[in-house]
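Data first, discussion second: the structure below is written as structure tokens.
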Amino acid sequence: NAGVTQTPKFRVLKTGQSMTLLCAQDMNHEYMYWYRQDPGMGLRLIHYSVGEGTTAKGEVPDGYNVSRLKKQNFLLGLESAAPSQTSVYFCASSWGGSSYNEQFFGPGTRLTVL
Amino acid sequence: GQSLEQPSEVTAVEGAIVQINCTYQTSGFYGLSWYQQHDGGAPTFLSYNALDGLEETGRFSSFLSRSDSYGYLLLQELQMKDSASYFCANNTDKLIFGTGTRLQVFP
Numbered sequence: 407n408a409g410v411t412q413t414p415k416f417r418v419l420k421t422g423q424s425m426t427l428l429c430a431q432d433m434n435h436e437y438m439y440w441y442r443q444d445p446g447m448g449l450r451l452i453h454y455s456v457g458e459g460t461t462a463k464g465e466v467p468d469g470y471n472v473s474r475l476k477k478q479n480f481l482l483g484l485e486s487a488a489p490s491q492t493s494v495y496f497c498a499s500s501w502g503g504s505s506y507n508e509q510f511f512g513p514g515t516r517l518t519v520l
Numbered sequence: 036g037q038s039l040e041q042p043s044e045v046t047a048v049e050g051a052i053v054q055i056n057c058t059y060q061t062s063g064f065y066g067l068s069w070y071q072q073h074d075g076g077a078p079t080f081l082s083y084n085a086l087d088g089l090e091e092t093g094r095f096s097s098f099l100s101r102s103d104s105y106g107y108l109l110l111q112e113l114q115m116k117d118s119a120s121y122f123c124a125n126n127t128d129k130l131i132f133g134t135g136t137r138l139q140v141f142p
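One line per chain: the protein sequences are A and B, in this order.
Counting in this note's numbering, the final residue of the first sequence is number 520, and the numbers go up one at a time with none missing.
Counting in this note's numbering, the final residue of the second sequence is number 142, and the numbers go up one at a time with none missing.
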């Protein structure tokens with residue numbers, strides 16, 4: 407039982423390049439989330455999904471797109487990377503939302519945009 | 036909008052008790068969660084309060100007062116390994132995290 411895994415762990419991009427971050431969970435969770443965390447800051451929600459085939463915007467969705475084609479996977483795309491997107495990206499999953507949704511986090515992807 | 040305010044940093048010595056406060060302003064509130072994050076690591080769940088009152092889990096306890104829009108995390112018998120950042124989070128259909136409190140435990 408691997409929990410939540412993220413690929414890649416580290417990446418360096420040049421401004422304007424694109425990339426996709428992959429998140430996978432093996433806990434059969436319905437909800438999945440993408441966060442970014444900047445140095446000394448809390449986590450900010452980018453996008454989330456409440457089930458296969460669904461996506462919704464979080465607090466800071468601009469410049470990112472997501473897809474949830476399979477229940478166990480949640481992809482985060484950067485179409486044209488900018489230095490402001492340098493951050494640590496965390497994926498998380500949970501059974502559900504509302505009254506109780508303990509989130510399980512992946513190890514993070516450290517992205518640098520030059 | 037939603038905001039959760041926490042002190043930026045707290046220091047304490049081993050064996051002591053420390054309280055980390057969280058005040059929130061939210062539109063829609065189901066409960067308050069607490070997460071721990073060590074440097075370079077991922078957040079991990081500590082506790083959740085759906086109702087007013089105290090929830091105890093070992094050395095950690097969490098308190099919620101809905102009428103005051105306030106909660107706290109209480110850490111007892113502090114250990115060096117408790118040095119980490121602690122985040123409160125407002126449960127709605129997603130988590131909105133507070134700004135975090137960095138706890139440093141000294142010998």
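Backbone N, C-alpha and C fix where the C-beta goes; we use that ideal spot for every residue, glycine too.
It should be emphasised that the depicted structure is a prediction, and the values quoted were computed from it without experimental measurement.
Looking at C-alpha atoms only, which residue of the options is the closest neighbour of residue i?
| i | options | result |
| --- | --- | --- |
| histidine 453 of chain A | A:Asn407, A:Cys429, A:Ser424 and A:Gly446 | A:Cys429 |
| serine 102 of chain B | B:Gln111, B:Ala47 and B:Gln60 | B:Gln60 |
| serine 43 of chain B | B:Glu49, B:Gly63, B:Ser100 and B:Cys123 | B:Cys123 |
| histidine 73 of chain B | B:Lys116, B:Leu110 and B:Leu86 | B:Lys116 |
| glycine 106 of chain B | B:Thr127, B:Tyr83, B:Leu130 and B:Ile52 | B:Tyr83 |
| glutamate 436 of chain A | A:Val456, A:Leu427, A:Gln491 and A:Gly514 | A:Val456 |
| alanine 498 of chain A | A:Phe511, A:Met433, A:Thr492 and A:Thr413 | A:Phe511 |
| tyrosine 121 of chain B | B:Ser104, B:Ser97, B:Glu112 and B:Phe141 | B:Ser97 |
| asparagine 471 of chain A | A:Gly409, A:Glu508, A:Thr515 and A:Trp440 | A:Trp440 |
| proline 414 of chain A | A:Gln509, A:Lys476, A:Gln423 and A:Leu482 | A:Leu482 |
| lysine 477 of chain A | A:Met438, A:Phe416, A:Val519 and A:Leu449 | A:Met438 |
| methionine 433 of chain A | A:Ser424, A:Gln423, A:Phe416 and A:Glu508 | A:Glu508 |
| glycine 88 of chain B | B:Leu67, B:Gly75 and B:Arg94 | B:Leu67 |
| glutamine 114 of chain B | B:Gly135, B:Phe95 and B:Ser100 | B:Phe95 |
| serine 486 of chain A | A:Tyr495, A:Phe480, A:Asp468 and A:Asn479 | A:Asp468 |
| alanine 462 of chain A | A:Leu449, A:Gly446, A:Ala408 and A:Phe480 | A:Phe480 |
| serine 424 of chain A | A:Gly409, A:Met447 and A:Leu484 | A:Leu484 |
| threonine 92 of chain B | B:Ser104, B:Gln139, B:Ser100 and B:Leu110 | B:Leu110 |
How many whole angstroms separate the CB atoms of residue i and residue j, which I take to be in contact at a CB cut-off of 8 Å?
| i | j | result |
| --- | --- | --- |
| arginine 442 of chain A | threonine 460 of chain A | The Cβ separation is near 21 Å, so there is no contact. |
| alanine 488 of chain A | threonine 421 of chain A | 6 Å |
| proline 513 of chain A | glutamine 431 of chain A | Not quite, the Cβ-Cβ distance comes to about 13 Å (not below 8 Å), so this is no contact. |
| leucine 79 of chain B | tyrosine 70 of chain B | Sequence inspection shows threonine at residue 79 of chain B; the leucine mentioned does not correspond to that position. 6 Å between Cβ atoms; contact. |
| glutamine 41 of chain B | isoleucine 52 of chain B | Rounded, the Cβ-Cβ distance is 18 Å, inconsistent with contact. |
| tyrosine 65 of chain B | alanine 85 of chain B | 7 Å |
| alanine 77 of chain B | phenylalanine 496 of chain A | 6 Å |
| leucine 138 of chain B | valine 45 of chain B | 5 Å |
Which bits of chain A does residue i rub up against, with CB to CB less than 8 Å?
| i | result |
| --- | --- |
| threonine 134 of chain B | Met447 and Gly448 |
Could you name the residues of chain B that residue i contacts, counting a contact when the two beta carbons are closer than 7 Å?
| i | result |
| --- | --- |
| proline 513 of chain A | Ala77 |
Excluding the 5 residues flanking residue i on each side, which residues of the same chain have their C-beta closer than 7 Å to its C-beta?
| i | result |
| --- | --- |
| glycine 464 of chain A | Leu451, Ile452, His453 and Tyr454 |
| aspartate 444 of chain A | Ser493 |
| leucine 449 of chain A | Tyr441, Gln443 and Phe496 |
| valine 519 of chain A | Leu419, Thr421, Ala487, Ala488, Pro489, Gln491 and Thr492 |
Residues of chain B with CB under 9 Å from residue i, in chain order?
| i | result |
| --- | --- |
| leucine 451 of chain A | Lys129, Leu130, Ile131 and Phe132 |
| glutamine 431 of chain A | In chain order: nothing, as chain B lies at least about 13 Å away. |
| glutamate 508 of chain A | Ser68, Phe80 and Tyr83 |
Which chain B residues sit within Cβ distance under 8 Å of residue i?
| i | result |
| --- | --- |
| glutamine 496 of chain A | For the record, residue 496 of chain A in the displayed sequence is phenylalanine; it is not glutamine. Here the neighbours are Ala77 and Pro78. |
| glycine 464 of chain A | Lys129 |
Beta-carbon within less than 8 Å of residue i's beta-carbon, same chain only, minus the 5 sequence neighbours each way: which residues are those?
| i | result |
| --- | --- |
| isoleucine 131 of chain B | Gln37, Leu39, Thr61, Ala124 and Asn125 |
Between which residues of its own chain and residue i is the CB-CB distance below 6 Å, once the five residues before and five after are set aside?
| i | result |
| --- | --- |
| glycine 63 of chain B | Thr127 |
| arginine 417 of chain A | Leu517 |
| threonine 134 of chain B | Gln41 |
Near-chain A residues of the segment 93-127 of chain B (beta-carbon distance less than 8 Å), N- to C-terminal order: Phe122, Asn126 and Thr127
Contact list for the segment 414-426 of chain A against chain B, Cβ threshold 9 Å: none
Near-chain A residues of the segment 61-92 of chain B - C-beta to any C-beta below 9 Å: Tyr65, Gly66, Ser68, Tyr70, Gln72, Gly75, Gly76, Ala77, Pro78, Thr79, Phe80, Tyr83 and Ala85
Interfacial residues, the segment 467-501 of chain A to chain B, with Cβ spacing under 7 Å: Phe496
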